[in-house]
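Everything on this sheet refers to the single structure shown next.
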Amino acid sequence: MATSERAPDVGVDRETTRNLTLMLVLTFATGVVDAGGFLGFDTVFLGNMTGNVLILGMGAAGADGLPVLALSLALVAFIVGAGIASLFLRSGRRGWSPRLTAVLAVSASLVAGTSVLVWLQPTEHLAAMFSIVMTAGAMGMQAAAARNVGVADVTTVVVTSTIAAWAIDMFARPSRAAILNRRLAAIVTILVGALVGALLVKVALWSVFAVAAVVSAVVVVCGHVLAAAGGSDAPV
């Protein structure tokens, strides 16, 4: 009897751990993509829109040499991607669902498309603009999907608020749990992603987006399969 009463809690714990792991992997992919955008597309962030907003503000003040058009395209594409994805997900259940799988599959496909486009037209300005729009839109969709999954402190695209929350807890309640937790994991993961992305830029810019697309695709497949398996095991 005790075992049957504990089973739902075990299932919830497994789902929470699964979703956290998958969102951290997507956070890594964001770090890879942002390194490619910043180093390969003239200081344009493709996932972290905070940087783009700041640079756009400087551009509005007349600062020279800033890619205002590219930054604007990235910001608009991110907003549109997040908005469309959120509307699509709104009618579905929260957590990992077939709709969420579809959103992340489209996101991964857009990043893969960017890889192909950059490979075919590595120096073409118009191709770069299309790449920025495609990838920023994909990151917006990913952000909406992560919000729907609802893993606290892991948005997959930004870590500023995560750093603040981690620092506050670390100083207010210093302990192992306050330091070594999902917040630190998200910070380290996006940092490692950026490191990998920067190294890949030295190899070839298209490889940055190829790796990010493969990582995202693995998350999509694993998330869908594990969610389906978890659903089939759930008590009726």
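Counting from 3, one number per residue, gives the positions in the sequence shown under my numbering. Yeah, the Cβ is synthetic: ideal placement off N, Cα and C, and Gly gets one too. If you're wondering where the values come from, they're calculated on a predicted model, not measured in any experiment.
Best match in the options for proximity to residue i [C-alpha to C-alpha]
i	options	result
residue 184	173, 175, 165, 196	165
residue 1	89, 30, 77, 197	Residue 1 is absent from the model: the chain starts at 3 and stops at 238.
residue 87	139, 129, 26	139
residue 82	143, 125, 126	143
residue 241	50, 195, 150	Given a span of 3 to 238 for the chain in the structure shown, any question on residue 241 remains unanswerable.
residue 91	126, 146, 37, 123	146
residue 150	106, 39, 206	106
residue 202	22, 42, 26	42
residue 114	35, 152, 191, 197	35
residue 101	22, 123, 148	148
residue 193	108, 159, 206	159
residue 155	127, 191, 126	191
residue 125	27, 206, 172	206
Same chain only: Cβ atoms within 7 Å of residue i, ignoring 5 sequence neighbours per side
i	result
residue 234	For residue 234, the pLDDT reaches just 44, beneath the cut-off of 50, and the residue's location in the model is therefore unreliable, leaving the point undetermined.
residue 69	44, 45, 46
residue 8	Low confidence applies to residue 8: its pLDDT is 46, below 50, so where it sits in the model is not reliable, and the reading given next is rough at best. Cβ neighbours of residue 8 beyond the five flanking positions: none.
residue 110	215, 218, 219, 222
residue 112	136, 137, 139, 140
residue 103	222, 225, 226
residue 108	143
Anticipated Cβ contact below 8 Å, residue i with residue j, distance rounded
i	j	result
residue 137	residue 116	5 Å
residue 134	residue 48	7 Å
Boundaries of the alpha helix (DSSP H) in which residue i is found, first to last residue
i	result
residue 153	Residue 153 -> no alpha helix (DSSP H), and no H or E assigned at all.
residue 239	Past the edges of the chain, shown from 3 to 238, lies residue 239, and the structure says nothing about it.
residue 191	184 to 205
residue 171	162 to 174
residue 46	Counting along the chain, residue 46 falls outside any alpha helix (DSSP H), and DSSP gives it neither H nor E.
residue 83	70 to 92
residue 178	178 to 181
Same chain only: Cβ atoms within 8 Å of residue i, ignoring 5 sequence neighbours per side
i	result
residue 131	71, 72, 75
residue 232	13, 16, 17, 20
residue 60	68
residue 196	33, 34, 36, 37
residue 84	142, 143, 145, 146
residue 129	119, 120, 122, 123
residue 77	51, 54, 55, 58, 138
Neighbourhood of residue i by C-beta, 6 Å cutoff - its chain only, sequence neighbours within 5 removed
i	result
residue 204	none
residue 208	117, 120, 121
residue 58	73
residue 10	Because the pLDDT at residue 10 is just 48, under 50, the model does not fix this residue reliably, and the value given afterwards should be weighed accordingly. Within the same chain, residue 10 has no close Cβ partners at all.
residue 153	21, 22, 25
Is there contact here, the segment 220 to 233 with the segment 61 to 68, by at least three beta-carbon pairs under 8 Å?
-> Touching, no, given that fewer than three Cβ pairs across the two stretches are closer than 8 Å.
Segment contact flag, the segment 50 to 58 with the segment 212 to 220, C-beta cutoff 8 Å, min 3 pairs | With the cut-off at 8 Å, the segment 50 to 58 and the segment 212 to 220 do not touch.
Would the segment 91 to 108 and the segment 175 to 194 be scored as touching if the rule is three or more Cβ pairs under 8 Å?
-> The segment 175 to 194 and the segment 91 to 108 do not touch, with fewer than three beta-carbon pairs separated by less than 8 Å.
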